[in-house]
Amino acid sequence: MKLLQLTTLATAVLAVPLEKSLASRQTTACTSPKVRKNWAVATDAEKKSYINAVLCLATKPSRLNISTHTTLYDDFGYVHAHLSSPTQRIHAEPVFLPWHRYFVHIYEKALQECGYTGTAMYWDWIADSGAPSKAAVWDPVLGFGGNGSDTTDNGGKRRVVDGPFRNLRPTYWGLEVDPHYLSRDFAPAIPEAHLAEMLGFAYTPTVMEGVNAKPNYQEFWTALEGGPHNVVHAGIGGSLGDMGPISSPNDPVFFLHHTMVDKLWWQWQQQDPQTRTLQYQGRRNDGGNATLEDVLPMLGLALDGVVKDYMDTGGGALCYTY
Ligand SMILES: *[C@@H]1O[C@H](CO)[C@@H](O)[C@H](O)[C@H]1NC(C)=O
Ligand SMILES: *[C@@H]1O[C@H](CO)[C@@H](O)[C@H](O)[C@H]1NC(C)=O
Ligand SMILES: *[C@@H]1O[C@H](CO)[C@@H](O)[C@H](O)[C@H]1NC(C)=O
Ligand SMILES: [Cu+2]
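Residue numbers (UniProt numbering): 1 to 322.
Here's what the structure looks like:
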């Protein structure tokens, strides 16, 4: 009896530290990090494999315990929307960067469970800022398809009519259940106002130099989120496309955009890894000061995370580089 009790106790006590020691073992074990790729330089085979895995997500059951549950593809839009409203928990506060880093990581794993053997990829919108609508990422065969159509007979949204995702039907629009075809609404150029197409003037190499030069985490995430991050969403989504509302992960390009945002954070951290890898500060939306122990909620899509495990791309729960 006594022995049995001891064994039970030991198992219970071990359960928690085991998980911890696995995490810390990975910190030292990340010796060959995977290198995340630029979509523009990926091979045709890699692009096809990525695209097929995205389509596969829409055939997998939802992981969420909700009455409207549809597919794993829809889960990403749902979770992002419900963490943005009615209470904003993932934007306009320091957790923006680590939360989206973890979210991209979950998506990358989901693609891999759908047969994809590569890594998350990014759209380098800085390189394409002069003519964003011509970027390789919008290719109708080896890309995500382009701008939406000029009709709005898709529940008022501009349906993407070319490319491999033209038949994708996201379930959510913001917080609403509103099945529709995937939509985009590339912001047009307005020459009279000196506005370039897709608001490209707001994420040029020169603008980004200013963002990268920010001296601390708080100034950096604020400049990156409120500036180019938001503008790229608006430039692709407009008001009649999926990249606009809080259900923006509906558009598969969301993850190429956010992998780019993540790469920029990583680059900023690499400028002074000693100081910046764990630098995390600012005011939370609930009024408290941000700490490395803050939780990254995932509403059941994956286990909730903790900020400190997602600060270092080569440690904690992660093992990749750019
Ligand atoms: C799923 O949701 C139902 C209804 O809200 C709840 O009673 C149940 O405990 C939930 N199950 C899990 C595993 O979260
Ligand atoms: C995208 O398509 C819409 C609808 O046809 C059009 O108004 C808009 O100018 C297009 N944007 C670009 C950048 O071509
Ligand atoms: C947050 O940090 C600031 C500066 O260190 C401090 O003055 C303030 O009291 C802290 N606020 C809370 C809610 O802990
Ligand atoms: Cu977001």
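Every residue gets a Cβ at the ideal spot worked out from N, C-alpha and C, and that includes glycine.
Taking the alpha-carbon positions, what's the residue i to residue j distance?
| i | j | result |
| --- | --- | --- |
| V232 | K263 | 15 angstroms |
| G155 | H180 | 7 angstroms |
| P164 | W138 | 10 angstroms |
| V207 | G315 | 30 angstroms |
| A29 | F186 | 43 angstroms |
| S24 | W265 | In this prediction, S24 has a pLDDT of 43, which is less than 50 and means its spatial position is unreliable; what the coordinates show is noted afterwards. Going from the Cα of S24 to the Cα of W265 covers about 23 angstroms. |
| T259 | A45 | 20 angstroms |
| K308 | I90 | 16 angstroms |
| P98 | E225 | 12 angstroms |
| A193 | S85 | 33 angstroms |
| residue 324 | D304 | Lying before the first or after the last residue shown, residue 324 is absent from the chain, which here runs from 1 to 322. |
| K37 | Y217 | 25 angstroms |
| T321 | P33 | 6 angstroms |
| L292 | P191 | 46 angstroms |
| E197 | G238 | 11 angstroms |
| I126 | T204 | 5 angstroms |
| S21 | A317 | Because the pLDDT of S21 is 40, which lies under 50, any placement of that residue in the model is unreliable, and the number read from its coordinates should be weighed accordingly. Spanning the two alpha carbons is a distance of roughly 11 angstroms. |
| I66 | L195 | 42 angstroms |
| A81 | G174 | 6 angstroms |
| G288 | G282 | 9 angstroms |
| D150 | G241 | 12 angstroms |
Along the alpha helix (DSSP H) that carries residue i, what are the first and last residues, could you check?
| i | result |
| --- | --- |
| M260 | 253-270 |
| M208 | 205-212 |
| K134 | Per DSSP, K134 belongs to no alpha helix (DSSP H) and is neither H nor E. |
| N74 | Sequence check: residue 74 is Asp here, not Asn. Where D74 is concerned, the enclosing alpha helix (DSSP H) stretches over 72-82. |
| S49 | 44-57 |
| H100 | 96-113 |
| R276 | 273-276 |
| T222 | 217-224 |
| I126 | Looking at the DSSP string, I126 is not in any alpha helix (DSSP H), and its letter there is neither H nor E. |
| N285 | N285 -> no alpha helix (DSSP H), and no H or E assigned at all. |
| I236 | 230-237 |
Just to check my reading of the structure: residue i and residue j have Cβ atoms closer than 8 angstroms, yes? What is that Cβ distance to the nearest angstrom?
| i | j | result |
| --- | --- | --- |
| C114 | L57 | 6 angstroms |
| W39 | M121 | 5 angstroms |
| T171 | T70 | 5 angstroms |
Beta carbon of residue i: closer than 7 angstroms to some heavy atom of ligand 2?
| i | result |
| --- | --- |
| P33 | no |
| R159 | no |
| D185 | yes |
| D44 | no |
| N154 | no |
| P188 | yes |
| G148 | yes |
| M198 | yes |
| S133 | yes |
Hey, would you say the C-beta of residue i is under 7 angstroms away from at least one heavy atom of ligand 4?
| i | result |
| --- | --- |
| T82 | It should be noted that the sequence gives His, not Thr, for residue 82. H82: no, Cβ never under 7 angstroms from ligand 4. |
| H105 | no |
| I66 | no |
| H100 | yes |
| I90 | yes |
When you measure from the CB of residue i to every non-hydrogen atom of ligand 3, does any distance come out below 7 angstroms?
| i | result |
| --- | --- |
| residue 363 | Because the chain in this structure spans residues 1 to 322, residue 363 falls outside the shown range and cannot be described. |
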